[in-house]
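Novice: Taken in order, these protein sequences are the chains called A and B. So in the numbering used here, spot 22 of the first sequence is number 27, and the numbers just go up one at a time. So in the numbering used here, spot 71 of the second sequence is number 380, and the numbers just go up one at a time. Before anything else, here's the structure in question.
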Amino acid sequence: AQSVTQLDSQVPVFEEAPVELRCNYSSSVSVYLFWYVQYPNQGLQLLLKYLSGSTLVKGINGFEAEFNKSQTSFHLRKPSVHISDTAEYFCAVSGEGAQKLVFGQGTRLTINP
Amino acid sequence: EAGVAQSPRYKIIEKRQSVAFWCNPISGHATLYWYQQILGQGPKLLIQFQNNGVVDDSQLPKDRFSAERLKGVDSTLKIQPAKLEDSAVYLCASSSTTTNEKLFFGSGTQLSVL
Numbered sequence: 006a007q008s009v010t011q012l013d014s015q016v017p018v019f020e021e022a023p024v025e026l027r028c029n030y031s032s033s034v035s036v037y038l039f040w041y042v043q044y045p046n047q048g049l050q051l052l053l054k055y056l057s058g059s060t061l062v063k064g065i066n067g068f069e070a071e072f073n074k075s076q077t078s079f080h081l082r083k084p085s086v087h088i089s090d091t092a093e094y095f096c097a098v099s100g101e102g103a104q105k106l107v108f109g110q111g112t113r114l115t116i117n118p
Numbered sequence: 310e311a312g313v314a315q316s317p318r319y320k321i322i323e324k325r326q327s328v329a330f331w332c333n334p335i336s337g338h339a340t341l342y343w344y345q346q347i348l349g350q351g352p353k354l355l356i357q358f359q360n361n362g363v364v365d366d367s368q369l370p371k372d373r374f375s376a377e378r379l380k381g382v383d384s385t386l387k388i389q390p391a392k393l394e395d396s397a398v399y400l401c402a403s404s405s406t407t408t409n410e411k412l413f414f415g416s417g418t419q420l421s422v423l
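Next comes the structure, spelled out in structure tokens:
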């Protein structure tokens, strides 16, 4: 079975500063990894995903994440954040194919002007 | 393209009452999911449908929760009777594939059980 741990429940940063949201996973099989974003009063939206191939994955809104198999991590990064990035971010993992998607607890990103 | 529609947006009930949530997925999406998101936690899968068949309901509390997807399109999730611990946001999602590569989520139904 897969599991996900998001190491920070809240991350406050200043506008235009870089940010990293940390995610570690546990799995005994090959995995697919995802980051979803939930803006206030909206549903979750896929930010980016790793299925195979290049370990550096680029997503929407300038975000990127790096799959590190040896450290079982999939940290999300953005070099310069904007007020509009204020949201809850969820890391998720599933086994290959149609296996269940398991979400982490979420990290609330707050951008201060 | 219309997104995943859910209703109602909010629901307040007393414990032991029953409640139902409705979801209409994106047109053509064969896979439909119901997730429960308790405050401060990530979404937890309750049930997954492929067309109108159940793929995974291992985490659905079947003594009180039921779900159906008639004709492989929209779906209803029911709780009867509700408990205090059922207070959560119930999210519906759909996908055009049989894998989890990309899910489209609705805005959810926020349930408060008093």
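Ideal placement from N, C-alpha and C gives every residue a C-beta, glycine not left out.
Should the stretch 347 to 358 of chain B be called in touch with the stretch 100 to 114 of chain A, which here means at least 3 C-beta pairs below 8 Å?
Specialist: Output reads yes: the stretch 100 to 114 of chain A touches the stretch 347 to 358 of chain B.
Novice: In the DSSP output, what is ARG113 of chain A paired with across the bridge?
Specialist: Bridge partners of ARG113 of chain A: A:GLN15 and A:GLU93.
Novice: Quick check: the stretch 316 to 333 of chain B against the stretch 95 to 105 of chain A, are there 3 or more CB pairs under 8 Å?
Specialist: In short, these stretches do not touch, since the Cβ pair count stays below three.
Novice: I'd like to know whether the C-beta of LEU12 of chain A is nearer than 7 Å to at least one C-beta of chain B.
Specialist: No, LEU12 of chain A lies away from the interface with chain B (no Cβ there is under 7 Å from its Cβ).
Novice: For LEU393 of chain B, which of helix, strand or coil comes out of DSSP?
Specialist: Helix, per DSSP.
Novice: Cα separation between ALA6 of chain A and SER99 of chain A?
Specialist: About 9 Å.
Novice: Do GLY64 of chain A and PHE414 of chain B have their beta-carbon atoms positioned less than 7 Å apart in this structure?
Specialist: The answer is no: Cβ separation not under 7 Å.
Novice: With a threshold of 6 Å on Cβ separation, who are the neighbours of TRP331 of chain B within its own chain once the five nearest residues in sequence on each side are excluded?
Specialist: Cβ within range, chain order: SER316 and THR385.
Novice: Please decide whether GLY381 of chain B counts as near chain E, where near means a Cβ-Cβ distance under 7 Å.
Specialist: This model lacks chain E altogether; the protein chains it does include are A and B.
Novice: Note down the Cα distance separating THR406 of chain B from SER375 of chain B, rounded to an integer number of angstroms.
Specialist: So the alpha carbons of these two residues sit roughly 24 Å apart.
Novice: In the DSSP assignment, what residue or residues form a beta bridge with LYS54 of chain A?
Specialist: A:PHE39, per the DSSP bridge assignment.
Novice: So that I know if they touch, is there some Cβ in chain A lying closer than 7 Å to that of ASN409 of chain B?
Specialist: Yes, because at least one Cβ of chain A sits closer than 7 Å to the Cβ of ASN409 of chain B.
Novice: Could you spell out where the beta strand (DSSP E) holding GLY362 of chain B opens and where it closes?
Specialist: Note, GLY362 of chain B: beta strand (DSSP E), 362 to 365.
Novice: So LEU355 of chain B packs on ASP395 of chain B, CB below 8 Å; how close in whole Å?
Specialist: Actually they are not in contact, since the Cβ atoms of LEU355 of chain B and ASP395 of chain B sit about 11 Å apart, beyond 8 Å.
Novice: Does any C-beta atom of chain B lie closer than 7 Å to the C-beta of LEU26 of chain A?
Specialist: Answer no: the Cβ-Cβ gap between LEU26 of chain A and chain B never drops below 7 Å.
Novice: Run down chain B in chain order and give the residues with a C-beta less than 7 Å from the C-beta of PHE108 of chain A.
Specialist: Residues of chain B passing the Cβ test: GLY351 and PRO352.
Novice: Find the nearest neighbour of PRO390 of chain B within the set B:SER327, B:PHE358 and B:VAL313, judged by alpha-carbon distance.
Specialist: Checking every option, the nearest Cα to that of PRO390 of chain B belongs to B:SER327.
Novice: Can you tell me whether THR418 of chain B is buried or exposed? The criterion is at least 16 other CB atoms within 10 Å of its CB, across all chains shown.
Specialist: Its Cβ being crowded by 16 or more others within 10 Å, THR418 of chain B is buried.
Novice: Short check: CB of ASN29 of chain A to CB of SER89 of chain A, under 7 Å?
Specialist: No, the pair does not count as a contact, with Cβ atoms beyond the cut-off.
Novice: Report the rounded CA-to-CA distance for GLN11 of chain A versus TYR94 of chain A, giving the unit in angstroms.
Specialist: The alpha-carbon atoms of GLN11 of chain A and TYR94 of chain A are separated by roughly 9 Å.
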